[in-house]
Amino acid sequence: MAVKKTQNKPSLKKAEGPQRFWVKDGRILSDLRDLKDALAEMAEETYKYHANKIKNDFAKWIEEVLENKKLAEELKKVKTKIAALKKVAAELKKYQ
Numbered sequence: 030m031a032v033k034k035t036q037n038k039p040s041l042k043k044a045e046g047p048q049r050f051w052v053k054d055g056r057i058l059s060d061l062r063d064l065k066d067a068l069a070e071m072a073e074e075t076y077k078y079h080a081n082k083i084k085n086d087f088a089k090w091i092e093e094v095l096e097n098k099k100l101a102e103e104l105k106k107v108k109t110k111i112a113a114l115k116k117v118a119a120e121l122k123k124y125q
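Under our numbering, the first residue of the sequence shown is numbered 30, with each subsequent residue one higher.
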């Protein structure tokens, strides 16, 4: 009988209450899944409001609230919404 080896993937951290992310378009995000879904549908104007040459609100929230410094650093380097979406989607594969 073959034994199936399972990996213990960490649980996704979820923000609650005032620690959730309030997007300019009215969405409220609690975790990386919410962010991935929002980025997929978000207008470019909304993305640029939160992520531009001056600031990256998504990276700040991910680092300070979701405590994922590695992903935050990666998001600070990307220039487009599509690139950010790809980074978040890749990161989500590490979680349950």
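Built from N, CA and C at the ideal position, the CB exists for glycine as well.
On a predicted model such as this, the values are computed, not experimentally measured, just so you know.
Quick one: what does DSSP say Ala44 is sitting in, helix, strand or coil?
-> Ala44 sits in coil when the DSSP states are folded into three classes, being neither helix nor strand.
Taking the alpha carbon of Glu22 as the point to measure from, which residue in Lys65, Thr75 and Glu73 has its own alpha carbon closest?
-> Given that the chain is displayed from residue 30 to residue 125, the structure contains no residue 22 and the question cannot be resolved.
Ordered along the chain, which non-local residues of its own chain (more than five positions away) have a Cβ less than 6 Å from that of Lys42?
-> Cβ within range, chain order: Leu95.
Below 6 Å CB to CB, which residues in the same chain sit around Asp54 once its five sequence neighbours on both sides are set aside?
-> Excluding positions up to five away in sequence, the list reads Thr75.
Look at the Cβ atom of Ala80, then the Cβ atom of Asp60, and state whether they are nearer than 9 Å.
-> Against a cut-off of 9 Å, the Cβ pair of Asp60 and Ala80 comes out as no contact.
Does DSSP put Leu58 in a helix, in a strand, or in coil?
-> When secondary structure is reduced to three states using DSSP, Leu58 falls in the strand class.
Per DSSP, the bridge partner or partners of Asn87 | Reading off the sequence, residue 87 comes out as Phe, not Asn. None; Phe87 has no bridge partner.
Residue range of the unbroken alpha helix (DSSP H) whose run includes Leu114 | Taken as a continuous stretch (DSSP letters only), the alpha helix (DSSP H) holding Leu114 covers Lys110 to Leu121.
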